[in-house]
Amino acid sequence: MFSSQAMPADPCYDEERPRRCIPDFVNAAFGRSVEASSTCGTGGPTRYCDVQEPHTGTSGVGQCHVCDDTTPRRRFSASHLTDLNNPNNVTCWRSEPLVSSQSFNAPPDNVTLTLSLGKKYELTYVSLQFCPKAAKPDSIAIYKSTDYGKTWQPFQFYSSQCRKVYGRPNRATITKANEQEARCTDSHRFTGGDGLGPAGRIAFSTLEGRPSAADFDNSPVLQDWVTATDIRVIFNRLHIPQPELMSAEDLGIEELTKREREREEREKMKNLNHKNNLLHGSGMDQVTVLPSVHQILAPQAQMHSNDAMDIEEMGFQPEVPPTTIVMAGAGTAMAHHYAVSDLAVGGRCKCNGHASRCVMGKDNEVACECKHNTAGRDCERCKPFHFDRPWARATAKDANECQDWAGCIVLNSQPSYLISGIKTSRILNSTWRTVNGAKVSRRRVEAASLRNQKPDTKLPRRAVCAGKYKALALLE
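Residue numbers for the sequence shown follow full-length UniProt numbering, beginning at 1 and rising by one.
Spelled out as structure tokens, the structure:
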């Protein structure tokens with residue numbers, strides 16, 4: 001005798017009683033395609049340089065390499081953003097090198113990554129892991145779409161200058177009146193590493209600090225807030241120009257006045273030191289010998305031997321590097337690029353509490369495997385013939401299962417028999433309902449126990465209501 005193996009319990013039911021159920025938590029970005037507005041090497045071999053590690057004692061540019069989309073080991077495509085994130089084998093997407101500006105008034109970089117999730121998800125976080133030896137961007141905007149990319153809504157902003165770059169206050173307080181609005185914060189500057197190692201990361205929690213998060217089941221505002229079909233990340237600025245490199249137009253009158261006073265004080269101190277040196281027999285001021293331009297550029301020209309050889313083969317001249325160059329002097333621009341190793345979007349397939357998993361349909365679209373007599377890609381409506389109560393999202397207290405009364409089939413001319421067991425009070429107390437585009441009035445509903453009785457052929461168009469309660473409804 002073989003004992004039959006018990007079927008796994010349906011998470012949406014507890015001994016046939018409906019209960020709320022949700023799909024597993026996943027990285028919704030994994031394996032999905034990402035559209036990048038800029039990718040290094042797609043227009044031909046291009047040179048890029050690392051950011052120098054801080055502990056080496058030098059700042060600026062590290063080793064330089066070549067990106068080339070035609071060579072697999074030098075390819076940095078957007079597909080690397082959503083592949084398996086293995087810290088022992090880091091894969092990166094890199095943008096084309098861009099020339100940095102030393103003015104706030106310069107146009108933003110606006111390098112964009114767009115991720116389509118293929119279905120509505122309820123998101124818990126969006127995170128960006130930056131490549132080793134790559135700087136963490138200063139100003140980043142994250143947007144979401146709930147209509148598959150037709151329209152976009154701000155989701156989160158990061159910047160050391162929130163007001164200046166995005167016109168929003170830094171770390172604004174969230175209340176119930178504005179908990180569906182995007183915030184701007186500079187917190188990424190102090191958490192998640194400096195971007196030059198494995199800890200270079202930014203993570204946006206969609207519900208953090210939002211007052212109604214503890215009562216999420218009863219907050220339609222937050223339910224809409226965490227819902228998305230697409231995510232867009234816009235890198236606006238890698239660095240904010242340093243004050244000493246900013247133009248007079250950027251600084252403003254107050255800052256310029258302050259700096260002029262500081263300059264005058266330095267001049268006074270310099271003259272005083274000069275007089276003291278003369279009085280003590282010193283024939284000359286101390287002179288600081290600055291390194292030459294060639295000395296400054298020498299460490300920046302270092303490259304891996306393979307990459308250096310490849311650059312020579314492609315005709316690059318080492319003395320004229322096409323990307324990151326740091327020069328002495330305040331007016332010199334510096335090239336930079338963006339580099340991300342992983343884009344993750346944590347969340348659950350949106351099924352409104354009426355499904356425990358999402359599956360691929362015959363139309364090659366992912367949809368919820370709906371229970372509780374619900375239907376739709378997101379279980380967002382009741383099945384036909386199950387409109388005895390309005391559709392509602394399932395909660396921990398009530399599964400809000402759709403009931404099976406008021407769905408009606410319109411019979412244009414064919415008579416039909418009625419089934420006995422009608423509860424007229426249930427029908428007569430119903431409100432107006434739409435059936436195949438026509439309105440059914442409770443005042444025109446007739447109900448009776450007509451077991452095996454012939455239909456009244458004189459009646460006009462009729463509708464047969466299915467389910468527990470059967471009736472003949474005359475259409476207006």
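Idealized CB from N, CA, C, for every residue including glycine.
How far does the beta strand (DSSP E) with proline 154 in it extend, from its first residue to its last?
153–158
Reduced DSSP secondary structure (H/G/I, E/B, other) of alanine 394:
coil
If valine 126 sits next to phenylalanine 76, beta carbons under 8 Å apart, how far is it from one beta carbon to the other, in whole angstroms?
Actually they do not touch by this definition, with Cβ atoms about 21 Å apart.
State the Cα-Cα distance for the pair serine 95 and alanine 339, rounded to the nearest angstrom.
7 Å
Measure the C-alpha to C-alpha separation of alanine 301 and alanine 228 and round it to an integer number of angstroms.
Note that alanine 301 has pLDDT 38, beneath the 50 cutoff, so the model's placement of it is unreliable and no number is given.
Which class does histidine 65 belong to by DSSP, given the choice of helix, strand or coil?
strand
Determine, using beta carbons only, whether threonine 112 and isoleucine 231 come nearer to each other than 8 Å.
no
Looking at the structure shown, is proline 54 part of a helix, part of a strand, or coil, going by DSSP?
For proline 54, the predicted model reports a pLDDT of 49, less than 50, meaning its position is unreliable; a value from the coordinates is still stated below. Three-state DSSP puts proline 54 in a helix.
Identify the continuous alpha helix (DSSP H) that holds leucine 117 and give its terminal residues.
No alpha helix (DSSP H) holds leucine 117; the beta strand (DSSP E) holding it covers 111–130.
Run through DSSP, which three-state label would histidine 386 get?
coil
Among residues of its own chain, excluding the 5 on either side of residue 479, which ones have a beta-carbon nearer than 6 Å to its beta-carbon?
Since the first residue of the chain shown is 1 and the last is 476, residue 479 is not available in this structure.
Glutamate 35 (DSSP reduced to helix, strand or coil):
strand
DSSP-derived helix/strand/coil call for arginine 73
helix
Start-to-end residues for the alpha helix (DSSP H) that takes in leucine 222
220–225
Is it true that the stretch 144–153 meets the stretch 369–376, where meeting means three or more beta-carbon pairs spaced less than 8 Å apart?
no
Can you give the Cα-Cα distance for glycine 62 and histidine 354, rounded to whole angstroms?
53 Å
For the stretch 28–38 against the stretch 77–94, are there 3 or more C-beta pairs whose distance is under 8 Å?
yes
Give the C-beta separation of serine 100 and leucine 238 to the nearest angstrom, bearing in mind that I take them to be a contact with Cβ-Cβ under 8 Å.
7 Å
On the DSSP bridge assignment, give the partners of proline 18 in chain order.
Tyr13
For tyrosine 121, is the classification buried or exposed, using 16 other Cβ atoms within 10 angstroms of its Cβ as the cut-off for buried?
buried
Going straight from the alpha carbon of cysteine 49 to that of histidine 337, what length do you get?
9 Å
Let me confirm a value: serine 187 is counted as buried when at least 16 other C-beta atoms fall within 10 Å, else exposed. Which label applies?
exposed
Does the Cβ-Cβ distance between arginine 74 and glycine 44 come in under 8 Å?
no
Buried or exposed: which applies to valine 359, given that a residue is buried once 16 or more other Cβ atoms fall within 10 Å of its Cβ?
exposed
Straight-line CA distance for alanine 399 to arginine 19?
5 Å
If you follow the beta strand (DSSP E) that arginine 348 is part of, which residue opens it and which one closes it?
339–349
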